[in-house]
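Student: Here you go, one structure.
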């Protein structure tokens with residue numbers, strides 16, 4: 007996998023260098039758009055908690071003398087998932103971790119426990135998108151784009167355990183001694199498993215770049231292709247009995263929908279509202295992010 011990721015990075019830089027040699031000198035520097043966004047995304051599954059979103063992007067649009075464009079950037083984002091799992095178990099738990107249940111009169115607790123599991127996904131993306139203008143309609147430009155991306159993701163699976171009912175069990179002639187494997191010495195109230203995954207994405211898609219009114223922009227992309235390795239949609243139990251995210255080294259089809267609306271508040275600053283939806287075909291539930299932030303238009307500052 008390290009070899010594959012190295013090839014992805016090499017491809018990314020090759021695309022940049024190729025455009026630099028062949029096309030970038032044809033770009034209209036007055037139309038180049040810089041994004042330096044600092045914002046927050048909303049986690050509606052966690053009491054409306056917010057998390058940091060950062061985006062640095064340079065967009066070279068097509069112009070009257072060049073139908074090619076280039077979109078390149080780095081994105082730090084947090085995704086919301088719909089993979090909450092709630093289960094209940096009846097478990098035998100020692101009152102104290104060092105207790106021994108070996109004879110009549112010994113006691114332990116029988117507990118009815120609720121397990122609530124949820125996964126958080128945070129990602130850092132480095133992407134390059136060569137673009138070809140295919141049409142215009144009014145203030146809207148339509149592109150076909152290629153998509154090359156290196157995505158570093160952290161999957162954090164958190165399980166909270168709540169005891170709903172407890173019953174004390176006393177060993178007697180009518181109640182046999184449970185096997186040691188059926189006794190839990192210490193049951194934590196919470197457990198967390200973290201998995202890190204670096205993935206390479208290759209795809210094609212369409213882009214709409216629309217100047218709505220008064221230099222307010224709507225940027226919309228849909229992309230589909232292949233990812234070289236991926237994480238499972240839902241948490242599963244590992245050998246220790248904890249929920250975690252399993253990964254696979256097999257390739258998989260993916261889709262990515264990305265959009266943002268930019269409203270100019272001044273010559274050099276804009277408020278941006280964006281969405282990011284990412285998933286794998288055919289059955290994976292999508293990860294999504296809704297964010298808002300303040301963009302500093304570096305292209306305007308240095309004019």
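In the working numbering, the protein residues as written are 7 to 309.
Positions of the beta carbon are idealized from the N, C-alpha and C atoms, including for glycine.
(1) Just confirm the distance between the C-beta atoms of residue 284 and residue 85, as a whole number of angstroms; I'd bet it's less than 8 Å.
(2) Helix, strand or coil for residue 49 per DSSP?
(3) Going by the beta-carbon positions, is the gap between residue 251 and residue 163 smaller than 9 Å?
(4) In angstroms with no decimal places, state the Cα-to-Cα distance between residue 124 and residue 286.
(5) Taking the alpha carbon of residue 172 as the reference point, which residue from 96, 289, 290, 150 has its own alpha carbon closest?
(6) If you scan the stretch 122 to 180 from start to end, which runs of the beta strand (DSSP E) of 3 or more residues do you find wholly inside it?
(7) How close, in whole Å, do the beta carbons of residue 275 and residue 296 come, if the pair is a contact with beta carbons under 8 Å?
(8) Would you decide whether residue 232 is buried or exposed? Buried here means 16 or more other CB atoms lie within 10 Å of its CB.
(9) What are the partner residues of residue 220, as DSSP defines its beta bridges?
(10) Determine the direct distance from the alpha carbon of residue 258 to that of residue 227, and round the result to whole angstroms.
(11) Helix, strand or coil for residue 188, going by three-state DSSP, please let me know.
(12) Pop quiz: residue 190 and residue 107 are said to be a contact at Cβ under 8 Å. What is the actual Cβ separation, rounded to whole angstroms?
(13) By Cβ distance below 7 Å, which residues in the same chain neighbour residue 75 in space, the five residues on each side in sequence not counted?
(14) Could you pull out every unbroken beta strand (DSSP E) segment of at least 3 residues lying fully inside the stretch 248 to 273, listed in chain order?
(15) Pull the bridge partners of residue 117 from the DSSP assignment, please.
(16) Can you give the Cα-Cα distance for residue 133 and residue 175, rounded to whole angstroms?
(17) Measure the alpha-carbon distance for residue 186 versus residue 195 and round it to whole angstroms.
(18) Compare the C-alpha of residue 209 against each of 135, 38, 39, 99 and name the closest.
(19) Out of curiosity, what's the CA-to-CA distance linking residue 310 and residue 298?
(20) Can you give me the Cβ contacts of residue 312 inside the same chain, cut-off strictly under 6 Å, excluding the 5 residues immediately before and after it?
(21) Nearest by alpha-carbon distance to residue 117: which of 100, 214, 223 is it?
(22) Quick one: using the 10 Å Cβ neighbour count with 16 as the cut-off for buried, is residue 126 buried or exposed?
(23) Under three-state DSSP, which class holds residue 66?
(24) Mind checking residue 244: buried by the 16 CB within 10 Å criterion, or exposed?
(25) Return yes when the Cβ of residue 119 is within less than 9 Å of the Cβ of residue 188, no when it is not.
(26) Measure from the alpha carbon of residue 253 to the alpha carbon of each residue in 202, 288, 221, then state which is nearest.
(27) Less than 6 Å between C-beta atoms, sequence neighbours within five positions excluded: which residues of the same chain meet that for residue 55?
(28) Give the straight-line distance between the Cα atoms of residue 184 and residue 104, rounded to the nearest whole angstrom.
(29) What does DSSP give as the partner residue(s) for residue 240 in the beta ladder?
(30) Closer than 6 Å by C-beta to residue 81: which residues in its own chain qualify, once you throw out the five before and the five after it? Chain order, please.
(31) For a test of the three-state rule: what should DSSP assign to residue 30, helix, strand or coil?
(32) With distances taken from CA atoms, which of 159, 94, 204, 214 is nearest residue 170?
(33) Restricting to Cα atoms, I'd like to know which of 47, 147, 302, 112 is closest to residue 216.
Tutor: Inspection of the coordinates gives the following:
(1) Translated into the one-based positions of the chain shown, residue 284 becomes position 278. Translated into the one-based positions of the chain shown, residue 85 becomes position 79. So it is a contact: roughly 7 Å between Cβ atoms.
(2) As a working mapping, residue 49 is identified with position 43 in the chain shown. Reduced to three states, the DSSP call for residue 49 is strand.
(3) The count along the chain shown starts at 1 and reaches residue 251 at position 245. The count along the chain shown starts at 1 and reaches residue 163 at position 157. Yes.
(4) Reading the chain shown from its first residue, position 118 is the one you call residue 124. Reading the chain shown from its first residue, position 280 is the one you call residue 286. Rounded to whole angstroms, residue 124 to residue 286 spans 19 Å at the Cα level.
(5) Here residue 172 corresponds to residue number 166 of the chain shown, with the count starting at 1. Residue 172 has its Cα closest to that of 96, out of 96, 289, 290, 150.
(6) 146 to 176
(7) Stepping through the chain shown from its first residue, residue 275 is reached at position 269. Stepping through the chain shown from its first residue, residue 296 is reached at position 290. Separation of the CB atoms of residue 275 and residue 296 is rounded to 21 Å, and the pair is thereby denied contact status at 8 Å.
(8) Within the chain shown, residue 232 is the residue found at index 226, counting from 1. The residue is exposed, with fewer than 16 neighbouring Cβ atoms inside 10 Å.
(9) The residue you call residue 220 lines up with position 214 of the chain shown. Answer is none; residue 220 lacks a bridge partner.
(10) Taking the first residue of the chain shown as 1, we reach residue 227 at position 221. Taking the first residue of the chain shown as 1, we reach residue 258 at position 252. Each residue's alpha carbon lies about 20 Å from the other.
(11) Locating residue 188 in the chain shown gives position 182, counting from the first residue. Helix, per DSSP.
(12) By 1-based counting over the chain shown, the position of residue 190 is 184. By 1-based counting over the chain shown, the position of residue 107 is 101. Actually they are not in contact, since the Cβ atoms of residue 190 and residue 107 sit about 12 Å apart, beyond 8 Å.
(13) Counting from one through the chain shown, the residue named residue 75 turns up at place 69. Correct list, in chain order: 66, 67, 68, 137, 139, 149.
(14) 258 to 270
(15) The residue given as residue 117 occupies position 111 in the chain shown. According to DSSP, which records beta bridges pairwise, residue 117 is partnered with 97, 172.
(16) Position 127 of the chain shown, counting from 1, holds the residue named residue 133. Position 169 of the chain shown, counting from 1, holds the residue named residue 175. Taking the straight line joining both Cα atoms gives about 59 Å.
(17) In the chain shown, the residue the question calls residue 186 occupies position 180. In the chain shown, the residue the question calls residue 195 occupies position 189. Their backbone Cα atoms lie some 21 Å apart in a straight line.
(18) As a position in the chain shown, residue 209 is number 203, starting the count at 1. When each option's Cα is compared against that of residue 209, the closest is 135.
(19) For residue 310 there is no data in the structure shown, the boundaries of the chain being 7 and 309.
(20) As shown, the chain starts at 7 and ends at 309. That puts residue 312 outside it, with no answer to give.
(21) To locate residue 117, count along the chain shown from 1; it is residue 111. Closest in alpha carbon position to residue 117, among 100, 214, 223, is 100.
(22) By 1-based counting over the chain shown, the position of residue 126 is 120. Counting C-beta atoms within 10 angstroms of its own C-beta, residue 126 has 16 or more neighbours from the protein chains shown and is therefore classed as buried.
(23) Locating residue 66 in the chain shown gives position 60, where the first residue counts as 1. Strand.
(24) Along the chain shown, one-based indexing puts residue 244 at 238. Residue 244 should be labelled exposed.
(25) For this step, residue 188 is matched to residue 182 along the chain shown. For this step, residue 119 is matched to residue 113 along the chain shown. Taking 9 Å as the Cβ cut-off, residue 188 and residue 119 do not qualify as a contacting pair.
(26) Counted from its first residue, the chain shown places residue 253 at position 247. In terms of CA proximity to residue 253, 202 leads the group 202, 288, 221.
(27) Here residue 55 corresponds to residue number 49 of the chain shown, with the count starting at 1. Closer than 6 Å at the Cβ level, and outside the excluded window around residue 55, lie 49.
(28) Within the chain shown, numbered from 1, the residue matching residue 184 stands at position 178. Within the chain shown, numbered from 1, the residue matching residue 104 stands at position 98. So the two alpha carbons sit approximately 16 Å from each other.
(29) Along the chain shown, read from residue 1 onward, the residue named residue 240 stands at position 234. DSSP, once it has assigned bridges, lists no residue as partnering residue 240.
(30) Here the question's residue 81 lines up with position 75 in the chain shown. Hits under 6 Å: 61, 131.
(31) Indexing the chain shown from 1 puts residue 30 at position 24. Because the pLDDT at residue 30 is just 49, under 50, the model does not fix this residue reliably, and the value given afterwards should be weighed accordingly. Looking at residue 30 - three-state DSSP - the assignment turns out to be helix.
(32) Position 164 of the chain shown, counted from the start, is the residue given in the question as residue 170. Here the closest residue by C-alpha is 94.
(33) Stepping through the chain shown from its first residue, residue 216 is reached at position 210. With distances taken between Cα atoms, residue 216 lies closest to 147.
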